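Input: a single structure, listed below in structure tokens.
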Amino acid sequence: MIMHRLGLATLALLLSACSTTTQVLEEKTATTPPPSEMTNTTHQSENHDTLPIQETLNDQTVSETMTSVKSKTEQAPTEFTSNKTLNQQNEQERQNLLNKRAELSDSIQFNAKNLTLVTGKSFSIGHSHRFDNQQEITTIQDDIQHLQNLAAAIQREQAQLEKRIETRKLSPNKADLIQVYLSEATVAQGNHSYQTMPLVGEWTRGESRMINIKDKELFNSDSSEKIAISFTEGYHLLINGQSVINVDAKTNKKEASFNVSNDKKSAIITGKIDYKLK
């Protein structure tokens, strides 16, 4: 009876041990994936770890490249616009200088032509007669400086001349004062021509004046012309800068014909002029 009970107890223990072992194996089997699943999981894990890094590098490189291209694209029009604006400013400055140089040159030519200094003392703008409009800005500026110096010299001479003229008017020597008579003159401009009214006036040696001669038939018309009559310190009588007669202190009266162009070179003025010593 006792042996029978011991056998039953032993059998119960063995069954209990087998059941526990089976349960552990089942749990282990349930938690451990098969080899194929482990391999796939490994590959997926590797791919998951490496692909985002590669994609991140590619996105960053593309972004930097696009930013660089965009920057250069935006910079190019800016540089072009800047250069274009600078060229326009330079050209405008150059044109302003050309205009200033032309005005100075014209003024000096007129003043030098009618400056009634003693014989042998005259002014010339020299190389400015050969101005080139394609010169660089610095060269044009040099020309302007030359002309300004020349204009200042003429102005100083003109101021001294005016003092001498005033002295001659107050205390004239022989042949310092003359009476000028423009008996007749014809102005021809293209197909149109007209005769002017006679003109009479008094000049002091060294003096130059602008006179307006008008159509004698139509006094109120626009037909008129300006001429410069000068009595130089060298005793020359000039019309528009051209010598037409020499004043002789020993000859009381003299007459001469003239043929000159107007200041704009658009008309020819012909006629007769005479003087009489005062």
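Add 788 to a position in the sequence shown, counting from 1, and you land on the number used in my numbering. Even for Gly, the Cβ is constructed at its ideal location relative to N, Cα and C. Note that the coordinates shown come from a computational prediction; the quantities given were computed from them, not determined experimentally.
Endpoints, beta strand (DSSP E) assigned at residue i
i       : result
GLU1043 : 1041-1049
LYS1064 : 1056-1065
TYR982  : 980-983
LEU987  : 987-992
ASN961  : Looking at the DSSP string, ASN961 is not in any beta strand (DSSP E), and its letter there is neither H nor E.
GLU1013 : 1012-1019
VAL1032 : 1030-1034
LEU1025 : 1024-1027
GLN1000 : Per the sequence shown, residue 1000 should be read as Asn rather than Gln. First-last of the beta strand (DSSP E) with ASN1000: 996-1002.
Beta-carbon proximity list for residue i, same chain, < 6 Å, skipping 5 on both sides
i       : result
TRP991  : ILE966, VAL968 and PHE1019
SER1031 : HIS1024
SER1011 : TYR982 and ASP1003
ILE953  : THR992, GLY994 and GLU995
ALA1037 : LYS962 and ALA963
ASP1051 : none
First and last residue of the uninterrupted alpha helix (DSSP H) at residue i
i      : result
GLU972 : Element bounds for GLU972: not the alpha helix (DSSP H) but the beta strand (DSSP E), 965-977.
LEU938 : 925-958
Euclidean distance between Cα positions of residue i and residue j
i       : j       : result
ASN1034 : SER996  : 15 Å
LYS1060 : ALA973  : 7 Å
SER1054 : PHE898  : 16 Å
ALA941  : GLN983  : 39 Å
GLU945  : GLU891  : 20 Å
GLY1022 : GLN948  : 16 Å
LYS1041 : SER959  : 21 Å
ASN961  : LYS1066 : 10 Å
MET985  : LEU885  : 42 Å
GLN943  : ILE1015 : 22 Å
GLN933  : ASN921  : 16 Å
SER895  : GLU1005 : 33 Å
ILE928  : LYS1064 : 47 Å
GLN883  : ASN979  : 36 Å
LEU938  : GLY1029 : 19 Å
ASN887  : GLN876  : 16 Å
GLY989  : GLU1043 : 15 Å
THR873  : ILE1001 : 50 Å
7 Å Cβ shell around residue i - same chain, five flanking residues per side excluded
i      : result
ASP964 : ARG956, THR992 and ARG993
LEU970 : PRO986, LEU987, GLY1059 and ILE1061
GLN977 : SER1054 and ALA1055
Any non-hydrogen atom of the ligand ZN closer than 6 Å to residue i Cβ
i       : result
GLY1022 : Inclusion of the ligand ZN in the displayed structure is not the case, the ligand content being empty and no account of it being possible.
Sub-7 Å separation of residue i and residue j beta-carbons
i       : j       : result
ILE999  : ILE1027 : no
ASN1068 : THR1039 : There is simply no residue 1068 to check, as the chain begins at 789 and stops at 1066 in what is shown.
ASP931  : ARG889  : yes
VAL975  : GLU1013 : yes
SER1045 : ILE1056 : no
Cβ-based neighbour list, residue i, same chain, cut-off 8 Å, excluding 5 preceding and 5 following
i      : result
GLU881 : ILE925
GLY879 : The displayed chain sequence assigns Glu, not Gly, to residue 879. Answer for GLU879: no residue qualifies.
GLN923 : ASP931
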